[in-house]
Each structure stands twice: as structure tokens, then as C-alpha cells.
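Some notes on the structure that comes next.
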């Protein structure tokens, strides 16, 4: 495959320099490989997601939807992808689907009990060995005491399982409180799942670091969500999904694997990850570290900046590819109009990140959103 023709950004910042027309076939190939690798990783991690509350099922449904979307993209690319490559793509999608089906089948709950029929098979009725003992059997059954019969029946009775109590951290966060900051511990959870919250300042304490096998933030409006303390360098998320978020500030913390960002509007994100894929997002500022080229699709008015100093981790930042964004829905030679580098003079001051965002004494959610210039609905 030919090398990528998008060059690093020009000196002093700005959009990437495109030296020649990109080959749509090559660009789609790279996009397809990235998506397949990501989906394989998500399938492999299904076993780490708790089945309680349908979280694992939601993750599996999300993977299936992504596979379906990728299949549609292959069909749409038929104008410039040769038929031989299309067959290879179709086979890869089939392999992904089969892998997902096998994995979900293995993870499906199995019954602890099996019932055996007491009815003799028809072949036994004509077996002379059975007929010869029929009288003895009848006599034995007639002389069984009620106590013996009851004991036998008890063996086949399934005792009710003890009730289990699942702690709902999202319900707890939504309850009225005298504190203007919610600090869910997720002490009984394996992963972090925050959803359906409006007009809250949510701060994950460092003690929630045991639950970072995966993270999901869904259906959030008008909130400040800070997960950075629970996801330090020693306990990063294995993967993270952000979906359907509006007018919010999200400090996603560190992610050791991929981040999927979908349906974010009029918000600010801060995240450090190896891979970042952004779909259907509009008017979003992203401050981040990315170990590979970020990917956007069906987005508009996206602006990118490096991590604020308050969130930087020790190490060489020369590998940060925050400004080398690939727009897979923009195949023209000109630079994509859907994203740009956030001008230095428009980036939030370091004081905002270090003092205001964590929550100053006497300051609330409204003050933080106003300081970061997010308008409340």
C-alpha cells in the first residue's frame, strides 16, 4: 500500500498540508483496517463488561450496529473499490459477525439445572429385560412410603435463589443533594457507566479506579463530568465510549485503548488515548493526546488542541498526533472544512483548568460552564 500523503502540520500550527490527491481506494483501505481492528478489540473485551443491567447486551448491540455501518460503507465504496477487494471486505465483515455471534453465545447465561424425563423410551417397552422386572417394579412402587416419595420429589425441586441487590449509581446521582458535586464511588462495579444525567457536576474520586475495565458516558446534558482522577496512569480505562452528549464539559481521563465518540454537540472534551474515532459530532472542542491519527466521520465545526498542562502525563509528547486528523468522509484534495486547529488565543487558560474546573469554593455548575464558555440550554 502506498504511504499516507497527508503531511504533518505546517510550522506554527494550522491545517495539514496535502501534497497531492489522495487515492480514495487507499484511504478506504486504511479506514477499513482501523475499523476492523477496533471492532475485534471490542468483541474481545465483551467478557470484561458486566452483564448486570443489560450493559453487555448494549455493548454487543453497539458492535453489531458498527459492523452493519461498515458493511454499508463497503457498498457505498463500490464506485472506486475493485470487485476483488469488495469480496475481501465482505469476507472480513462476515468473519467479524461470526466472531461476535460466537462470543455472545459463549457469554450467554446457562441454566444451572437440567430436567430429565421420567418417561421410558418406547424401545424399553419391548425389551424383555424390562418386562421381566415389571412386576417387581410395580410392587416396589406400591410399597413406597409417603415420606420416601416426598424425599424423592424434594430432590427435583429448585430452591429460589436469594435476592440480589444491584446498586444503581445513576439513580443515586440523580437524587437531590445538599452537595453541588456528585462523587459516585462505583465500589461494587467492574466498570464505569454514567447515563441519563442532566445539570450535574460529577466527579469520580480516585477510589473508583478499580472499576476502569471500561467506561461509558451516555445521554448527558448540561453537565461537568470529571473522570480524570479515577483514570490515572496506573488505572486507565481499557476502552471508552462517549455518546449523545450536549452542552457539557467532559474530562475523560486516560484510556489505554480506543475511544469512540458519537453524537456530541456544543461541548468540550479532554481525553488521552491511543486511538480516537469521532462520529456525527458538531461544534466540539477537543483537547487531547492521541497516539495515532484521529479519525472523524460525518462531523462539522470540530476544533482540536493538545492537552492542557494540568492533564499532561510524564513522557515524550512528540508522539502526540492530535493535529493529524483524518476525515474519512472528505475525499477531495483540499483540506477538510470539517475540522481545524483551535487557535492558541481561543484556548482556555491554564488557570481555568487548574482552579475553576475542579470546583472553587462557592462556585457551582453554572459558574464552571460559564467559565469554559458553554452556554446552558
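In UniProt numbering, the protein residues as written are 1 to 377.
C-beta: ideal position from N, C-alpha, C; glycine also.
Cβ pair residue i, residue j closer than 9 angstroms
{"i": "residue 374", "j": "residue 325", "result": "no"}
{"i": "residue 167", "j": "residue 193", "result": "no"}
{"i": "residue 277", "j": "residue 260", "result": "yes"}
{"i": "residue 203", "j": "residue 358", "result": "yes"}
{"i": "residue 212", "j": "residue 184", "result": "no"}
{"i": "residue 305", "j": "residue 342", "result": "yes"}
{"i": "residue 225", "j": "residue 209", "result": "no"}
{"i": "residue 244", "j": "residue 219", "result": "yes"}
{"i": "residue 396", "j": "residue 308", "result": "The structure shown does not extend to residue 396, since the chain spans only 1 to 377, so no value can be given for it."}
{"i": "residue 272", "j": "residue 290", "result": "yes"}
{"i": "residue 76", "j": "residue 25", "result": "no"}
{"i": "residue 58", "j": "residue 257", "result": "no"}
{"i": "residue 214", "j": "residue 191", "result": "yes"}
{"i": "residue 345", "j": "residue 299", "result": "no"}
{"i": "residue 207", "j": "residue 187", "result": "yes"}
{"i": "residue 89", "j": "residue 102", "result": "no"}
Other residues of its chain near residue i: CB distance less than 8 angstroms, five sequence neighbours each side excluded
{"i": "residue 107", "result": "46, 47, 51 and 56"}
{"i": "residue 263", "result": "243, 244, 245, 279, 280 and 281"}
{"i": "residue 382", "result": "With the chain covering 1 to 377 only, the question about residue 382 has no answer from this structure."}
{"i": "residue 99", "result": "40 and 43"}
{"i": "residue 173", "result": "182, 184, 194, 197, 200 and 202"}
{"i": "residue 379", "result": "Residue 379 lies beyond the stretch modelled for the chain, which goes from 1 to 377, so this question has no answer here."}
Residue interval of the beta strand (DSSP E) (run including residue i)
{"i": "residue 282", "result": "282–290"}
{"i": "residue 218", "result": "215–221"}
{"i": "residue 197", "result": "192–198"}
{"i": "residue 360", "result": "Per DSSP, residue 360 belongs to no beta strand (DSSP E) and is neither H nor E."}
{"i": "residue 297", "result": "295–297"}
{"i": "residue 202", "result": "201–203"}
Sequence-distant residues of its chain with Cβ nearer than 7 angstroms to residue i (five each side left out)
{"i": "residue 39", "result": "63, 66, 67 and 96"}
{"i": "residue 292", "result": "274, 275 and 321"}
{"i": "residue 36", "result": "92 and 96"}
{"i": "residue 233", "result": "254 and 313"}
{"i": "residue 350", "result": "308, 309 and 310"}
Beta-bridge partners of residue i, as assigned by DSSP
{"i": "residue 319", "result": "DSSP lists no partner for residue 319."}
{"i": "residue 272", "result": "254 and 289"}
{"i": "residue 243", "result": "218 and 262"}
{"i": "residue 49", "result": "Looking at the DSSP assignment, residue 49 forms no beta bridge with any residue, so it has no partner."}
{"i": "residue 227", "result": "Beta-bridge pairing links residue 227 to no other residue."}
{"i": "residue 309", "result": "In the DSSP output, where bridge partners are listed per residue, residue 309 has none listed."}
{"i": "residue 339", "result": "302"}
{"i": "residue 79", "result": "Paired residue(s): none; residue 79 is not in a bridge."}
{"i": "residue 327", "result": "296"}
{"i": "residue 249", "result": "224 and 268"}
{"i": "residue 278", "result": "261 and 296"}
{"i": "residue 182", "result": "202"}
Cut-off 6 angstroms between Cβ atoms - residues of its own chain near residue i, not counting five sequence neighbours on either side
{"i": "residue 253", "result": "227, 228 and 231"}
{"i": "residue 330", "result": "336"}
{"i": "residue 303", "result": "285, 340 and 342"}
{"i": "residue 267", "result": "245, 248 and 284"}
{"i": "residue 216", "result": "193 and 241"}
{"i": "residue 352", "result": "371"}
{"i": "residue 74", "result": "89"}
Element boundaries [alpha helix (DSSP H), containing residue i]
{"i": "residue 370", "result": "365–371"}
{"i": "residue 66", "result": "55–76"}
{"i": "residue 173", "result": "169–174"}
{"i": "residue 100", "result": "83–107"}
{"i": "residue 43", "result": "24–44"}
Residue-chain proximity (residue i, chain B), Cβ-Cβ < 9 angstroms
{"i": "residue 89", "result": "Looking at the structure shown, chain B is missing, and only one protein chain is on hand."}
Problem - Meets three-Cβ-pair contact criterion under 8 angstroms: the region 328–341 and the region 357–372 - result: no
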